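Okay, structure first, notes after.
In full-length UniProt numbering, the protein residues as written are 1 to 204.
Below, the structure is given as structure tokens:
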């Protein structure tokens, strides 16, 4: 339940930390704040139920550095990355390192709260989850599959279109249909599903 769960917020910006604390406490969560990646790594909280909201862009130890270190230690808590808009490549890299989700700044309140709720509710990845992901990916046409490969490579629509010799509008149409087939609504869900299914990035 939200009331008994803790959200660990890691961000070097004090205003962002305090804003997130107010938002999350208002939603019934306990909140712990960390001003840097180093401070979080020193504490390294692992008690569940909990999740981590981690800023991508911090001095010295950034979000990717923290993720990489936590992955090597089999850190058990789900991690939500906060990224700037247009940083799809970094978001995809974060997902490959085990992030549960990513949310772009400036974020909508309902988007962030939904991500926290879903991350806390999600079961750890397992073989059954991989099989389910592969079944969904198997519904895609060849072109839709290639568009997914472009998405997990962190490519914008225009570059995917160029690589596949398609128009950007056609790529947008493929994205809409593939999301319907995969039963997902956002880029982060597509990336998560594709990685679970073992899809390789376009050009890999």
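A virtual CB, placed ideally from N, CA and C, is assigned to each residue, including glycine. The model shown is predicted, which means the values in this text are computed figures rather than measured ones.
In the DSSP assignment, what are the bridge partners of residue i?
i	result
residue 8	32 and 52
residue 101	80
Tell me which residues share the same chain as residue i and place their Cβ nearer than 6 angstroms to its Cβ, disregarding the 5 neighbours each side in the sequence.
i	result
residue 184	190
residue 123	With a pLDDT of only 43 at residue 123, under 50, the local geometry of the prediction cannot be trusted, and the value read off the model is given with reservation. Taken in chain order, the list of residues that qualify is empty.
residue 18	none
residue 52	8, 77 and 79
residue 203	none
residue 16	none
residue 113	27
residue 72	none
residue 89	154
residue 164	146
Quick one: what's got a C-beta closer than 7 angstroms to residue i's C-beta in the same chain, skipping five residues either side?
i	result
residue 126	Its pLDDT being 47, under 50, residue 126 is placed unreliably by the model, and the measurement read from it follows with that caveat. Counting only Cβ-Cβ distances below 7 angstroms, and skipping sequence neighbours, we find nothing.
residue 25	31
residue 1	Confidence at residue 1 is low in this model, with a pLDDT of 39, below 50, so its placement is unreliable and no value can be given for it.
residue 21	9, 31 and 33
residue 69	41
Note down, in chain order, each residue of its chain lying with its Cβ closer than 8 angstroms to the Cβ of residue i, except the 5 sequence neighbours on either side.
i	result
residue 137	145, 148, 182, 193, 194, 197 and 199
residue 159	150
residue 84	56, 57, 104 and 105
residue 40	8, 10, 34, 52, 54 and 66
residue 64	56, 90, 93, 94 and 97
residue 130	196, 197 and 198
residue 3	Residue placement at residue 3 cannot be trusted, given a pLDDT of 45 that sits under 50; the coordinates are not used to answer.
Would you please state the rounded distance, in angstroms, between the beta carbons of residue i and residue j? I believe it to be under 8 angstroms.
i	j	result
residue 56	residue 38	With a Cβ gap of about 16 angstroms, residue 56 and residue 38 do not count as contacting.
residue 153	residue 201	4 angstroms
residue 75	residue 91	With 8 angstroms as the limit, residue 75 and residue 91 do not qualify as a contact, their Cβ atoms being about 19 angstroms apart.
residue 29	residue 6	7 angstroms
residue 67	residue 46	Contact doesn't hold; Cβ gap of about 15 angstroms is too wide.
residue 54	residue 10	5 angstroms
residue 178	residue 140	6 angstroms
Tell me whether residue i, by its Cβ, gets closer than 7 angstroms to a heavy atom of the ligand COA.
i	result
residue 72	The ligand COA is not among the ligands present in this structure, which contains no ligands whatsoever.
Segments of 3+ residues assigned as beta strand (DSSP E) that fall wholly inside the region 58–98
Runs found: 79–84.
Within the region 163–187, note down every full alpha helix (DSSP H) run reaching 4 residues or more, in order along the chain.
Within the region 163–187, the complete alpha helix (DSSP H) runs of at least 4 residues are 168–182.
- Counting pairs of Cβ atoms below 8 angstroms between the region 170–181 and the region 70–82, do you hit three or more? Between the region 170–181 and the region 70–82, the count of Cβ pairs shorter than 8 angstroms is below three; the stretches do not touch.
Go through the region 128–154 residue by residue and report every complete run of the alpha helix (DSSP H) that reaches 4 residues or more, in order. Correct list: 142–152.
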